[in-house]
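Each remark here refers to the structure printed beneath this line.
In my numbering, the protein residues as written are 3 to 203.
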């Protein structure tokens, strides 16, 4: 076997580019993310936590099939029902919905759900938005207003209404601490479920 000449750095880079070209998108991103994370333990932990199979599915549905499921040429606000019924048909429909809703609440088939992953940065507030005081007179935070509504419904219909609070990985700990400091605003700890939403890179 004859001796091969040493491979220069530029040749190695050329070989790397060729290999990179034939890799699929997910494998490329795995390689790049791992290279970037090599010098950062925190980034490495985040990279290792990624669900690459889920990401592959998202890419296939949202990127590779973009032409199939693109935005319509004309679009506008989604349809909605006004807060106050505007005609007899709506009054009848609202009445039926109210009765059905009460029936579900009494049967314990409802729950409260709050999307609470946002921070109050744009409002000039350093903390989860739900902890921001918003009521004009008593300065109650959003979480307290929600809790009082849930407590009122639970007492009125004599049922337990579970509350699911979806935070972000960034503010989960701060949100839970806020509830602990305020004794869950009179609600039972067992009936409030805190969890962090999934994130994509």
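Each residue gets a CB set at the ideal place from its N, CA and C atoms; glycine is no exception.
Residue 191 by DSSP, collapsed to three states: which one?
Residue 191: helix per DSSP, three-state reduction.
Leaving out the 5 sequence neighbours to the left and right, which residues in its chain are closer than 8 Å to residue 139 when beta-carbon positions are compared?
Non-local beta-carbon contacts of residue 139 in its own chain, meaning distances under 8 Å to residues more than five positions away in sequence, are absent.
Near residue 201, what residues of its chain come up, given a Cβ to Cβ distance below 7 Å and the 5 sequence neighbours on each side ignored?
Exclusion of the five residues before and after residue 201 leaves 171 as the residues of its chain whose Cβ lies within less than 7 Å of its Cβ.
Rounded to the nearest angstrom, what separates residue 24 and residue 134 at their Cα positions?
Residue placement at residue 24 is poorly supported in this model, since its pLDDT is 44, which falls under 50; the coordinates are not used for a value here.
What does the alpha-carbon distance come out to for the pair residue 136 and residue 41?
Each residue's alpha carbon lies about 43 Å from the other.
On the DSSP letters alone, give me the boundaries of the alpha helix (DSSP H) that residue 148 sits inside.
144-159
Compute the distance between the beta-carbons of residue 130 and residue 59, then report whether it is under 9 Å.
no
Measure the alpha-carbon distance for residue 147 versus residue 154 and round it to whole angstroms.
11 Å
Going by C-alpha distance, which of 76, 93, 105 and 189 is nearest residue 84?
Measuring from the Cα of residue 84, the nearest candidate turns out to be 93.
Buried or exposed: where does residue 181 fall if 16 or more other Cβ atoms within 10 Å of its Cβ makes it buried?
buried
Just to confirm the assignment, what range does the alpha helix (DSSP H) spanning residue 96 have?
90-108
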